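Residue numbers (my numbering): 1 to 248.
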């Protein structure tokens, strides 16, 4: 019995695992397996959330560019209203205005890893924020096409008003605010997942990992018991031999 417990202690110390075989702690092994699965899922969810944040950051970059384009359009509109400008001058402004319209149209078609950054008024993407899938959060595929439809649809600068351009700019600003709010929430979700992963790992470690200091003490104890037992068996065998010689 002492030798068996000594071997168990040696197995634990050599593997640094408390449960080397299922027979050592069958219940603990089952719990550990569930905790390890939860950790793997938590890692996967953390990756997905990080990718969703990258998606939103890319989307915000496109929205920021759209805002700059609309600002330039507003500037061109104001410049075109200068009474000192000739029809030829205004036509030159219209050339740039047409190029900017094309740029806005190009921005509405931007994608992130094949997924459209922008969609309709109610377009969303569901992002799981917990390892069990019970909690999720919808991020918005902003309706950039609708936001810039008026300036894009204008034939030239004379066909659009400053007020309409300002409205388009305000719509884009609202989309950026929505984007920022969603990014903030996902960042907090990512922080919580890191905390959950740390605690799951700690709980699993208490079940599966050996306490080296405690097990070393047990090893010394079992080693002494084995040596003492061996010495006593040798003494008992010697006593038997003496008795046999006396009888002989």
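A virtual CB, placed ideally from N, CA and C, is assigned to each residue, including glycine. Being a predicted model, the structure only gives us computed values, none of them experimental.
{"Asked": "Starting from the C-beta of residue 43, find all residues in its chain whose C-beta is less than 8 Å away, skip the five residues before and the five after it, and write them out in chain order.", "Found": "197"}
{"Asked": "Less than 7 Å between the C-beta atoms of residue 192 and residue 49, yes or no?", "Found": "no"}
{"Asked": "Tell whether a beta-carbon distance below 7 Å holds between residue 100 and residue 150.", "Found": "no"}
{"Asked": "At which residues does the alpha helix (DSSP H) containing residue 174 begin and terminate?", "Found": "162-208"}
{"Asked": "Below 8 Å on the Cβ atoms is my contact criterion, and I expect residue 144 with residue 169 to pass it. Report the Cβ-Cβ distance as a whole number of Å.", "Found": "Actually they are not in contact, since the Cβ atoms of residue 144 and residue 169 sit about 12 Å apart, beyond 8 Å."}
{"Asked": "Three-state secondary structure (DSSP) at residue 138?", "Found": "strand"}
{"Asked": "Which full runs of the alpha helix (DSSP H) of 4+ residues lie inside the segment 106-160, going along the chain?", "Found": "144-147, 149-153"}
{"Asked": "Pick out whichever of 27, 52, 22, 26 has its Cα sitting closest to the Cα of residue 129.", "Found": "52"}
{"Asked": "Pick from 123, 131, 148: whose alpha carbon is nearest that of residue 138?", "Found": "123"}
{"Asked": "Along the chain, where does the alpha helix (DSSP H) that runs through residue 85 open and close?", "Found": "Taken as a continuous stretch (DSSP letters only), residue 85 belongs to no alpha helix (DSSP H), as it is neither H nor E."}
{"Asked": "Can you grab the Cα-Cα spacing for the pair residue 182 / residue 61, in whole Å?", "Found": "15 Å"}
{"Asked": "Under 8 Å Cβ to Cβ from residue 203, same chain only, skipping five residues before and after it: list those, please.", "Found": "35"}
{"Asked": "Looking only at its own chain, which residues have a Cβ that is under 6 Å from the Cβ of residue 73, when we skip the five neighbours before and after it?", "Found": "100, 151, 165"}
{"Asked": "Would you say residue 80 and residue 157 are within 7 Å of each other, going by their C-beta atoms?", "Found": "yes"}
{"Asked": "For the ligand SAH, is there any heavy atom lying closer than 6 Å to the beta carbon of residue 216?", "Found": "You won't find the ligand SAH in this model; it holds no ligand whatsoever."}
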